[in-house]
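Peer 1: The structure is given below, and queries will be raised subsequently.
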Amino acid sequence: MTKYIIRRLLISIPILIGITIITFTAYNLAPGDPISSMIDPASPLPPEAIQHLKEELGLNKPLPVRYLIWLRELAKGNMGFSYASRRPVIQVIGERLPATLQLTVASLLLALVTGIPLGVYSALHQYSKLDYLLTLAAFFMVSVPAFFFALGAIWIFSLRLDLFPVQGLNTPGAKNILLDRIHHLILPATVLGLERIAGYLRYTRSAVLEVLGQDYMTTARAKGLTERVVLWGHGFRNALISLITVITLGLPGLFGGAFIIEWIFAWPGIGQLGINSINARDYPTLMGTALIGSILVLLSNLLADILYAVADPRIRYS
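This note's numbering puts the first residue of the sequence shown at 43, with every later residue one more than the last.
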């Protein structure tokens, strides 16, 4: 297993380089440049000053040279300086990343503790009224875009009922910072987790129904084991194998969905930072957020393989 993990990590290096090449090229070939976003239209700079700014930022160099410079600095642990804030990109991302992790972890936990039990219940009560209701609700949550749920949740629970804050991470001057943070987190985390809840519910239901029809379940019952032991000791463990893959491979999509939710709820994470960087043509920060996102995707895929082997002893990597 250790050799497999090391090999996968080494393979990830050229993949990351390829992603950065595509991302760097796409960002730099897009219309506009960072200089235009820095200049006040009411007070235009002379051409000499603009040229000086381009030289200072390295924008006068050819695109391949600029990429190699960025890659060389990245190897030293330097992601460059943000054009917008004039601060190190790694510092800017480091300040925003915890907020994104809080949002994604909270929504993932909510989806797990809600979607999986509902899926098991739906499978054990197949074709019941509640099973049909849960299935209909799951299809609805998967079909409707997350931003629609976000806007609807803000209108109902924030503007109409005044139960949760509209946006932000904390209330200035709050006495209990932890409770205030949780209060701000509930609405965006719930909206972000809705699609996951629906997905886990459907996958769990299908996996449990498939397991219930297997011969080893009949054998376990014939041995005199209680229904609880048969279901949870034999059935759910085997159903969990396919669920682990679904959950871990869905993590990249969870981070992608967090970008939209962060923007709508003004949640100060790397998603909001990335969107602001696009508007400001802040290429170093854009590259930093894209790199972090790519690393999260690759680590999620690796985690899926590891957990799959842990859940199923028959799986061995060499």
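In this text, a Cβ means the ideal position worked out from N, Cα and C, and glycines have one as well.
With distances taken Cα to Cα, identify the nearest neighbour of residue 246 among 155, 233, 98.
Peer 2: Ranking 155, 233, 98 by Cα distance to residue 246 puts 155 first.
Peer 1: Along the chain, where does the alpha helix (DSSP H) containing residue 178 start, and where does it finish?
Peer 2: Element bounds for residue 178: 171 to 185.
Peer 1: Where residue 308 and residue 166 are concerned, what is the direct C-alpha to C-alpha distance, given to the nearest angstrom?
Peer 2: Whole-angstrom Cα-Cα distance: 41 Å.
Peer 1: First and last residue of the alpha helix (DSSP H) that includes residue 163?
Peer 2: 131 to 166 is the extent of the alpha helix (DSSP H) around residue 163.
Peer 1: To the nearest angstrom, report how far apart residue 76 and residue 321 are at their CA atoms.
Peer 2: Rounded to whole angstroms, residue 76 to residue 321 spans 9 Å at the Cα level.
Peer 1: Just tell me which of 192, 228, 212 has its CA closest to the CA of residue 205.
Peer 2: Closest by alpha carbon: 228.
Peer 1: CB-CB under 6 Å to residue 106, same chain, minus the five flanking residues each way: which ones, in chain order?
Peer 2: None.
Peer 1: With a cut-off of 8 Å on the beta carbons, I'd call residue 275 and residue 253 a contact; round off their distance for me.
Peer 2: About 12 Å separates the two Cβ atoms, so there is no contact after all.
Peer 1: Going by DSSP in three states, residue 191 sits in which element: helix, strand or coil?
Peer 2: The answer is helix: DSSP assigns residue 191 an H, G or I state.
Peer 1: Taking residue 224 as the reference, give the member of 237, 209, 236, 324 with the closest Cα.
Peer 2: That would be 209, whose Cα lies nearest to the Cα of residue 224.
Peer 1: As an exercise, report each continuous alpha helix (DSSP H) stretch of at least 4 residues that is fully enclosed by the segment 82 to 125, in chain order.
Peer 2: DSSP runs (the alpha helix (DSSP H)) wholly in the segment 82 to 125: 89 to 99, 105 to 117.
Peer 1: Tell me where the alpha helix (DSSP H) around residue 45 begins and ends.
Peer 2: First-last of the alpha helix (DSSP H) with residue 45: 44 to 71.
Peer 1: Between residue 239 and residue 219, what straight-line distance do the alpha-carbon atoms span, to the nearest angstrom?
Peer 2: Cα to Cα, residue 239 sits roughly 28 Å from residue 219.
Peer 1: Going along the chain, which residues of its own chain have a beta-carbon closer than 8 Å to the beta-carbon of residue 285, five neighbours each way excluded?
Peer 2: Cβ within range, chain order: 158, 242, 245, 246, 249.
Peer 1: Going residue by residue through the segment 292 to 345, where are the continuous alpha helix (DSSP H) segments of at least 4 residues, counting only ones entirely within it?
Peer 2: Qualifying alpha helix (DSSP H) stretches, in chain order: 293 to 306, 312 to 322.
Peer 1: Starting from residue 228, trace the alpha helix (DSSP H) both ways and give me its first and last residue.
Peer 2: 219 to 254 is the span of the alpha helix (DSSP H), which, as asked, contains residue 228.
Peer 1: Using the three-state DSSP reduction, which class does residue 290 fall into: helix, strand or coil?
Peer 2: Reduced to three states, the DSSP call for residue 290 is helix.
Peer 1: Relative to the C-alpha of residue 161, which candidate in 152, 213, 173 has its C-alpha closest?
Peer 2: Comparing Cα-Cα distances from residue 161 to each of 152, 213, 173, the minimum goes to 173.
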